[in-house]
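**Student:** Counting with the working numbering, you get residues 467 to 797 for the letters of the sequence shown. Idealized CB from N, CA, C, for every residue including glycine. Fair warning: this is a prediction, and the values are worked out from it, not measured in the lab.
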Amino acid sequence: MDEREPYDAQSLYFTTPKPDRAHVTAELETIIDFIRYGASRFSAAGLTFGHSHDNPIDEATHLVLASLHLPPDIPPAYGAGKLTAEERLRVLSLIERRIGERLPVAYLVGETWFAGLKFKSDRRALVPRSPIAELIEAGFTPWLDGRQVERALDLCTGSGCIGIAMAAYNPHWQVDVVDISDDALSLARENVAFQHVGERVEVVRSDLFAGVEGRKYDLIVSNPPYVTEDEYAALPGEYSHEPKLGLTSGEDGLDACLRILDEAVDHLTEDGLLIVEVGESEQALTALLPQVPFVWIEFKVGQMGVFALERRELTEHADAIHAAALERSRA
467 MDEREPYDAQ SLYFTTPKPD RAHVTAELET IIDFIRYGAS RFSAAGLTFG
517 HSHDNPIDEA THLVLASLHL PPDIPPAYGA GKLTAEERLR VLSLIERRIG
567 ERLPVAYLVG ETWFAGLKFK SDRRALVPRS PIAELIEAGF TPWLDGRQVE
617 RALDLCTGSG CIGIAMAAYN PHWQVDVVDI SDDALSLARE NVAFQHVGER
667 VEVVRSDLFA GVEGRKYDLI VSNPPYVTED EYAALPGEYS HEPKLGLTSG
717 EDGLDACLRI LDEAVDHLTE DGLLIVEVGE SEQALTALLP QVPFVWIEFK
767 VGQMGVFALE RRELTEHADA IHAAALERSR A
C-alpha cells in the first residue's frame with residue numbers, strides 16, 4: 467500500500483502518494499521550483515498556517531529561503547538560481563518534516579521575522595507573531611504622539627521580539643523584557659545579542675511585575691497567554707510544539723490579563739500607557755469589565771484583540787479591576 471498523507475475532508479485537494487525523493491530531486495532545480503513544490507505539498511497535506519504566515523506560498527517561501535540562508539526580500543531574479551544537490555536534499559527534507567511532524571517552519575529553520583527584524587526561534591518560546599509589530603513599525607502612532615518615552619516594558623516577552631523591536635526602532639528607549647520561563651529568557655538573551663541592543667535592553671526573570679518592583683515605565687506592552695483551555699484542546703498540531711505556558715491562561719484566557727490590569731497602575735508613569743493583546747478573549751474581557759473604557763486598536767486588517775488604556779483610566783477603575791482579579795485568584 468502506498469504511504470499517503472492524511473486526508474482532510476474539508477480540503478479541495480485529494481491525497482497523493484508520498485513522493486520519491488530521488489525522482490523529485492531530479493526534476494526540481496531552481497529556488498522558485500522548490501517554493502512552488504513546497505506550497506503545493508503544504509496545500510495537499512492540509513496544513514495549518516498561523517505562525518507568521520497565513521498561506522502555503524508564504525510558508526514555503528520562508529522555508530526555502532531560510533534554509534538557503536537567503537533574506538526574504540531577495541530580488542525576483544534570484545528565483546531562477548539553481549540549488550546544489552546538497553541544498554535540494556536539505557530543502558526536500560524540511561518540506562517533508564513540515565508535513566509529517568507538523569512543525570512550524572520557524573522551528574525547522576531556526577529563525578523568523580518580526581517587525582522587519584530577524585529573530586532566532588525554537589521550542590523555548592512561542593514563534594514570534596503579533597499585530598503589535600505593526601504598532602512598533604508605525605512608531606505607536608497616534609498612541610504615543612506628543613509623549614516622551616524613556617523607559618518601556620515588554621511583559622511576557624517570550625523570544626524577546628516585541629521589546630527588542632521597540633529598542634531597535636527607538637534608539638533612545640531603555641527597555642526591560644520580562645518572562646517567568648527560564649527557557650524563553652535564554653532565547654531572549656540570544657536575540658538581544660543577535661540584534662546588538664544589549665546596552666539598552668535588560669532581560670529580567672519575573673512573574674509579571676514581581677521582579678521589577680519599584681520600576682516605572684512610560685509604556686508597557688504585553689502579549690500574554692490568552693488562549694482558553696477549550697481553545698487549546700482544539701488547536702491544530704502545529705501549536706503542540708510550542709510551550710503551553712506561553713499560550714493558555716485559564717478557562718476564559720484572562721487570568722494573566724487581569725493581573726496585568728490590576729498591577730500595571732503601580733508601574734506606569736503619570737502619563738503612562740498600557741497596550742495588551744488578548745486575541746479572541748476580547749469579548750470575555752469587555753463582558754467582565756464593561757465599565758472600563760478599553761480602546762480596541764484598529765490594524766490594517768481590522769481589530770485583532772489589542773487594547774490601549776491610559777494610567778488614569780486604570781486608576782479610575784482600579785476598584786472594579788482589583789475585584790475581578792481578586793475573585794479570579796480565589797477561584
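First and last residue of the beta strand (DSSP E) that includes G629?
**Tutor:** In the sequence shown, the residue the question calls residue 629 occupies position 163. Unbroken run through G629 is the alpha helix (DSSP H), C627 to Y635; no beta strand (DSSP E).
**Student:** Counting only the same chain and skipping the five closest in sequence on each side, list residues whose C-beta sits under 6 Å from that of E748.
**Tutor:** In the sequence shown, the residue the question calls residue 748 occupies position 282. Excluding residues within five positions, the ones whose Cβ falls inside 6 Å are G771.
**Student:** Tell me where the alpha helix (DSSP H) around I598 begins and ends.
**Tutor:** Along the sequence shown, read from residue 1 onward, the residue named residue 598 stands at position 132. Here the alpha helix (DSSP H) through I598 covers I598 to E603.
**Student:** Answer with buried or exposed for H517, where buried requires no fewer than 16 other C-beta atoms within 10 angstroms of its C-beta.
**Tutor:** On the sequence shown, residue 517 is found 51 positions in, with the first residue counted as 1. Label assigned to H517: buried.
**Student:** Would L720 and A750 qualify as a contact pair, given that the criterion is a beta-carbon distance under 8 Å?
**Tutor:** Along the sequence shown, read from residue 1 onward, the residue named residue 720 stands at position 254. Along the sequence shown, read from residue 1 onward, the residue named residue 750 stands at position 284. Contact: yes.
**Student:** List the DSSP bridge partners of Q769.
**Tutor:** Translated into the one-based positions of the sequence shown, residue 769 becomes position 303. In the DSSP output, where bridge partners are listed per residue, Q769 has E764.
**Student:** So is E525 buried or exposed if we call it buried at 16+ other beta carbons inside 10 Å?
**Tutor:** Reading the sequence shown from its first residue, position 59 is the one you call residue 525. Buried, because 16 or more other Cβ atoms sit within 10 Å of the Cβ of E525.
**Student:** Give a yes or no on whether the C-beta atoms belonging to I646 and R671 are separated by under 8 Å.
**Tutor:** Numbered from its first residue, the sequence shown carries residue 646 at position 180. Numbered from its first residue, the sequence shown carries residue 671 at position 205. Yes.
**Student:** Tell me, which residues are paired with A591 by DSSP?
**Tutor:** Taking the first residue of the sequence shown as position 1, residue 591 is located at position 125. A591 pairs with nothing; no bridge assigned.
**Student:** Any idea if G504 is buried or exposed, counting beta-carbon neighbours within 10 angstroms, 16 or more meaning buried?
**Tutor:** One-based indexing of the sequence shown puts residue 504 at position 38. Its Cβ being crowded by 16 or more others within 10 Å, G504 is buried.
**Student:** Tell me the DSSP secondary structure of L610 in three-state form.
**Tutor:** On the sequence shown, position 144 is the one that residue 610 refers to. Looking at L610 - three-state DSSP - the assignment turns out to be coil, as it is neither helix nor strand.
**Student:** Confirm, please, whether the CB-CB distance from E717 to T694 is below 8 Å.
**Tutor:** By 1-based counting over the sequence shown, the position of residue 694 is 228. By 1-based counting over the sequence shown, the position of residue 717 is 251. A contact, by the Cβ cut-off of 8 Å.
**Student:** If the criterion is Cβ atoms closer than 8 Å, does the pair L775 and R725 meet it?
**Tutor:** What you label residue 775 is simply residue 309 of the sequence shown in a count that begins at 1. What you label residue 725 is simply residue 259 of the sequence shown in a count that begins at 1. Result no, Cβ atoms of L775 and R725 do not sit closer than 8 Å.
**Student:** Mind listing, in chain order, the continuous alpha helix (DSSP H) runs of no fewer than 4 residues lying wholly within the segment 738–763?
**Tutor:** Within the segment 738–763, the complete alpha helix (DSSP H) runs of at least 4 residues are 748–754.
**Student:** Determine whether the beta carbon atoms of P608 and F765 lie at a separation below 8 Å.
**Tutor:** For the purposes of this step, residue 608 is taken as residue 142 along the sequence shown, with counting starting at 1. For the purposes of this step, residue 765 is taken as residue 299 along the sequence shown, with counting starting at 1. Contact flag unset, no.
**Student:** What does the alpha-carbon distance come out to for the pair R778 and D785?
**Tutor:** The count along the sequence shown starts at 1 and reaches residue 778 at position 312. The count along the sequence shown starts at 1 and reaches residue 785 at position 319. Near 13 Å, if we compare the C-alpha coordinates of D785 and R778.
**Student:** I'd like the span of the beta strand (DSSP E) that includes T578, first residue to last.
**Tutor:** The sequence position of residue 578 within the sequence shown is 112, counting from 1. Its beta strand (DSSP E) spans residues E577 to F580.
**Student:** Do you know offhand how far E603's Cα is from A492's?
**Tutor:** Locating residue 603 in the sequence shown gives position 137, where the first residue counts as 1. Locating residue 492 in the sequence shown gives position 26, where the first residue counts as 1. One C-alpha to the other measures close to 43 Å.
**Student:** On the CB-based measure, 16 or more other CB atoms within 10 Å of its CB, does H535 come out buried or exposed?
**Tutor:** Within the sequence shown, residue 535 is the residue found at index 69, counting from 1. Answer is exposed; the Cβ neighbour count stays below 16.
**Student:** Can you name the start and end residues of the alpha helix (DSSP H) that R777 belongs to?
**Tutor:** As a working mapping, residue 777 is identified with position 311 in the sequence shown. Run containing R777: R777 to E782, per the alpha helix (DSSP H) assignment.
**Student:** Give the single residue among V643, W762 and D520 whose Cα lies nearest to the Cα of L601.
**Tutor:** Sequence index remark: in the sequence shown, residue 601 carries index 135 (1-based). Ranking V643, W762 and D520 by Cα distance to L601 puts W762 first.
**Student:** If you check the beta carbons only, do S688 and N657 fall under 8 Å apart?
**Tutor:** By 1-based counting over the sequence shown, the position of residue 688 is 222. By 1-based counting over the sequence shown, the position of residue 657 is 191. Their beta carbons are not under 8 Å apart, which means S688 does not touch N657 by this criterion.
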